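**Q** Residue numbers (our numbering), protein chains in the order written: chain D, 9 to 301; chain G, 6 to 323.
Here a beta-carbon is modelled for each residue, glycine too, at the ideal position from N, C-alpha and C.
Since this is a predicted model, take the numbers as computed values, not measurements.
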Amino acid sequence: MKEIVILSGKGGVGKSSLTAALAHLLTEKGTRLTLADTDVDAPNLHIVLEAEFDRSTSVTASDKAMIDYEKCSRCMRCVDACAFESIIGDKKPIIISYSCEGCGVCALVCPEEAVSIHPVENGKINFVTSGAVRVVAGELGIGESSSGRLVDIVKREARQEASLSGSDLLLTDGPPGIGCPVIAALKGSDYAILVTEPTPSALSDLQRITEVVRGVGIPAGAVLNRSDMDQKSASTTLDWLARNDVPLLGTIPYDPYLPKALARGALAVNMYPDAPSSLALRNLHKMVEGLFD
Amino acid sequence: MKLHPEIIKHFHSTTFTTPIIGVTGGKGGVGKSTVAVNLAAAFVAQGRRVALIDADVDAPNDSLLLGIPLENPEPVTIMQPIFDLEKCTDCRKCVKACQMNSLFRPQAKHITLMGECNGCEACYLVCPAEAINRGSHSVGTLYKSEQGKLTLYTGALQPGLAESALVVNAVRDAAFAEADQFDIILVDTAPGTHCNVISALKGADHVLAVTEPTPLGSHDLELILSLLEMFAMQRSVVINRSDLPGKKEKVQQAAQASSAPIAGEIKLDKDLLAGYLQGTPVVDLLPNSSAAKIFLKMADHLTATYPNRSKQASQGVS
Ligand code: SF4
Ligand code: SF4
Ligand code: SF4
Ligand code: SF4
């Protein structure tokens, strides 16, 4: 089984729509596929895919400190010791659990042994299906931290799901950004598809994500979405890709059918198969098939 | 998540009176930064001194959208242990204390830092032999760039690291330390509903949640609004690309359910896109365009509502 991850350095360039369209085209041609949604802050692959909810399990993706006020002498040493500004209070220490990293320093400095570190449930793994495709999606609780660890768990579950169902390919919709969740999504992948669009901001995001992908040594290619949005920016991006040896896997023109389909909760490749973007996606899908054959 | 009232109070407390306006959105790509930079330009056009904090430290792009080069880089550093092997007794207490599992002692070798280190200092605290020195390690960069009445504070995470929270706090603190020099502070957050978004919005008097009328847009809007509710933040909604062939009702319903008024609607607009591509806010590029007028109106409304924080201090947390 091969693993491909789709990334963009920042959200909003059409990563989830592309993942969904590719998934549709690949399964149409007989590829057995499992999808992982690792955008745990805003998982919405299932919305784009109109997937059906299957089951859900809660996960403990982080540790948090807790104070036993019976034992606490209000010495406030823990407040000063926390490097993450996660304990406040003048007369009584209060832990701000959403930013607590569970590092245990407060417990170490506490003279009364009033602090303990506990694993807490702060996320979910949702299993959904869309036709023949199984989707494993992580969902971080609102206001929680440690998306990196949750992404690790999502990938682990998705791999298991993929091997159980005998998939040929695990396609991962990556988290936005360039931080630790992105590394977690990349780990163990065979190839990264970097989605971008012709704007100066998107190029800057592309440069940063390329640096990360190179850093972990995973081969990558790029897709230029909404390629006809701006001629000048498009050629700047294409130049940059060529100069930096990032192969261009395909370009997809801006297409008014896309938002039209999306508004109806459907895929353009399905609803408008002859639309310009659908035709471009069909070409891209061949490239992607070639990647894991 | 239920919050302790002390946490909410702490969250809203600041040491200055300059109003803070946050700009956020459940997901990336809905036009958050476009709104933030154009509002900044609109406040400047009104003659105000503006601080804009770009707290999307994974992908800080406000400088590109404003056409302001990043200046005055300062590293954001955290503590990182340096082992003094002369003093180390090989007791391995540090290995046990490190919750990140970043310390290893390979067979018949000495303690080494192998994994990610968040600078918590647990190892330093437990070492009985004083064999650990506090080194420092850079996790990102802060920039302060000025252009006329606008000062842009940007935080940029080192690619691949996990310390975005520390970089967010650092860029916010840098701007807050100079808050008295400004008439208004704007904060552009990361996408999502995680703790970095909260940290970025600390002290905000009002938060604009930017969204678009698509199924994804209304879904993400609901999430971000419940986060803002949890922290008792004043909030309103900005509908971007409001003429997309989507369902605006869903967005309106989500806003209403959270008592968040619609602060503005921005249409798909050639002028706006032109400003985006050229790195000049449309407010500066084409001040008479309809897109510019929307931002100027929003800025007027916000300054009328939040002239100064001290006036609302008596209201306390809403
Ligand atoms: S566990 Fe660490 S981060 Fe959490 S409150 Fe204690 S010292 Fe702070
Ligand atoms: S260090 Fe321990 S005893 Fe002191 S305030 Fe904190 S929890 Fe209470
Ligand atoms: S500072 Fe904290 S995370 Fe870093 S090595 Fe020491 S104990 Fe581990
Ligand atoms: S705690 Fe100090 S003395 Fe013990 S192994 Fe670690 S560095 Fe060496």
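(1) If you draw a straight line from the C-alpha of Ser241 of chain G to the C-alpha of Thr20 of chain G, how long is it?
(2) Tyr281 of chain G versus chain D: which residues are under 7 Å apart at the beta carbon?
(3) Could you list the residues in the stretch 179-195 of chain D with a C-beta less than 8 Å from some C-beta on chain G, going in chain order?
(4) Looking at C-alpha atoms only, which residue of D:Ser175, D:Ile191, D:Pro119, D:Val117 is the closest neighbour of Ile14 of chain D?
(5) For a test of your reading of the model: does the CB of Ala134 of chain G fall under 7 Å from any non-hydrogen atom of ligand 4? Yes or no.
(6) Below 7 Å CB to CB, which residues in the same chain sit around Asn278 of chain D once its five sequence neighbours on both sides are set aside?
(7) I'd like to confirm something about Ser113 of chain D: is its beta-carbon nearer than 7 Å to some heavy atom of ligand 1, or not?
(8) Taking the straight line between their C-alpha atoms, what separation do you get for Val75 of chain G and Pro184 of chain D?
(9) Any C-beta of chain G sitting closer than 8 Å to the C-beta of Pro267 of chain D?
(10) Among D:Val254, D:Asp253, D:Ala230, whose alpha-carbon lies nearest the alpha-carbon of Lys23 of chain D?
(11) Going by the DSSP bridge assignment, what does Asn174 of chain G pair with across the sheet?
(12) Please decide whether Asp350 of chain G counts as near chain D, where near means a Cβ-Cβ distance under 8 Å.
(13) Does the stretch 124-140 of chain D come close enough to the stretch 32-41 of chain G to have 3 or more Cβ pairs within less than 8 Å?
(14) Please report the distance separating the alpha-carbon of Lys316 of chain G from that of Ala46 of chain G.
(15) Please report whether the beta-carbon of Leu69 of chain G lies at a distance below 8 Å from any beta-carbon of chain D.
(16) Taking the CB atoms as reference points, tell me whether Ile73 of chain G and Ser150 of chain G lie closer together than 8 Å.
(17) If you measure from the CB of Met84 of chain G, is any heavy atom of ligand 3 nearer than 7 Å?
(18) May I ask you to check if the CB of Gly5 of chain G is nearer than 7 Å to at least one heavy atom of ligand 3?
(19) Using a 10 Å radius around the Cβ and a threshold of 16 neighbouring Cβ atoms, would you call Tyr106 of chain D buried or exposed?
(20) Which residue from G:Ser169, G:Ile203, G:Phe187 puts its Cα closest to that of Leu8 of chain G?
(21) Among D:Pro206, D:Pro264, D:Arg234, which one has its Cα closest to the Cα of Thr245 of chain D?
(22) Give me whichever residues DSSP pairs with Val144 of chain D in a beta bridge.
(23) Does Val92 of chain D come out as helix, strand or coil in the three-state DSSP assignment?
(24) In whole angstroms, what separates the C-alpha of Arg290 of chain D from that of Ile12 of chain D?
(25) If I'm right that Thr29 of chain G touches Leu206 of chain G with Cβ under 8 Å, what's the distance once you round it to whole angstroms?
(26) Buried or exposed: Cys118 of chain D, going by 16 or more other Cβ atoms within 10 Å of its Cβ?
(27) What residues from the stretch 61-86 of chain D come within 8 Å of chain G, judged by C-beta to C-beta, listed N to C?
(28) Find the nearest neighbour of Leu301 of chain G within the set G:Pro24, G:Glu11, G:Gln51, judged by alpha-carbon distance.
(29) In chain order, what residues of the same chain lie with their CB nearer than 6 Å to the CB of Ser319 of chain G, ignoring the 5 residues before and after it?
(30) Give me the subset of the stretch 41-63 of chain D whose CB atoms are less than 8 Å from a CB atom of chain G, sorted by chain position.
(31) Tell me whether Ile274 of chain D counts as near ligand 1, meaning its Cβ is closer than 7 Å to at least one heavy atom of that ligand.
(32) Show which residues of chain C have a CB atom less than 9 Å away from the CB atom of Lys275 of chain G.
(33) Less than 8 Å between CB atoms is the rule here; does Ser204 of chain G satisfy it with respect to chain D?
(34) Counting only the same chain and skipping the five closest in sequence on each side, list residues whose C-beta sits under 6 Å from that of Asp198 of chain D.
(35) Going by CA-CA distance only, name the one from G:Tyr311, G:Val144, G:Gly208, G:Leu147 that's closest to Ile13 of chain G.
(36) Give a yes or no on whether 8 Å exceeds the smallest Cβ distance from Cys200 of chain G to chain D.
**A** This is what the structure gives:
(1) 25 Å
(2) Thr207
(3) Pro184, Gly185, Ile186, Gly187, Cys188, Val190, Ile191
(4) D:Ile191
(5) yes
(6) His32
(7) Here the sequence assigns Val to residue 113 of chain D, which means Ser is not the residue at that position. Yes, since a heavy atom of ligand 1 falls inside the 7 Å radius drawn around the Cβ of Val113 of chain D.
(8) The amino acid at residue 75 of chain G is misidentified as Val; the sequence shows Leu. Going from the Cα of Leu75 of chain G to the Cα of Pro184 of chain D covers about 22 Å.
(9) yes
(10) D:Ala230
(11) DSSP, once it has assigned bridges, lists no residue as partnering Asn174 of chain G.
(12) Here chain G covers residues 6 to 323 and nothing more, so residue 350 of chain G does not appear.
(13) no
(14) For Lys316 of chain G, the pLDDT reaches just 41, beneath the cut-off of 50, and the residue's location in the model is therefore unreliable, although a value from the coordinates is still provided. The alpha-carbon atoms of Lys316 of chain G and Ala46 of chain G are separated by roughly 25 Å.
(15) yes
(16) yes
(17) yes
(18) What is shown of chain G runs 6 to 323, which leaves residue 5 of chain G out entirely.
(19) buried
(20) G:Ile203
(21) D:Pro206
(22) D:Ala44, D:Phe135
(23) One detail in the question is off: residue 92 of chain D reads as Phe in this sequence, not Val. In the structure shown, Phe92 of chain D sits in coil (DSSP, three-state: anything other than H, G, I, E or B).
(24) 17 Å
(25) 7 Å
(26) buried
(27) Asp71
(28) G:Gln51
(29) Because Ser319 of chain G sits at a pLDDT of 39, beneath the cut-off of 50, its placement in the model cannot be relied upon, and the following sentence gives the value as read from the coordinates. Excluding sequence neighbours, Ser319 of chain G sits near nothing in its chain.
(30) Asp49, Ala50, Asn52, Ile55, Val56
(31) According to the sequence displayed, residue 274 of chain D carries Ala and not Ile. False, no ligand heavy atom lies under 7 Å from that Cβ.
(32) Of the protein chains in this structure, namely D and G, none is chain C.
(33) yes
(34) Lys10, Glu11
(35) G:Gly208
(36) yes
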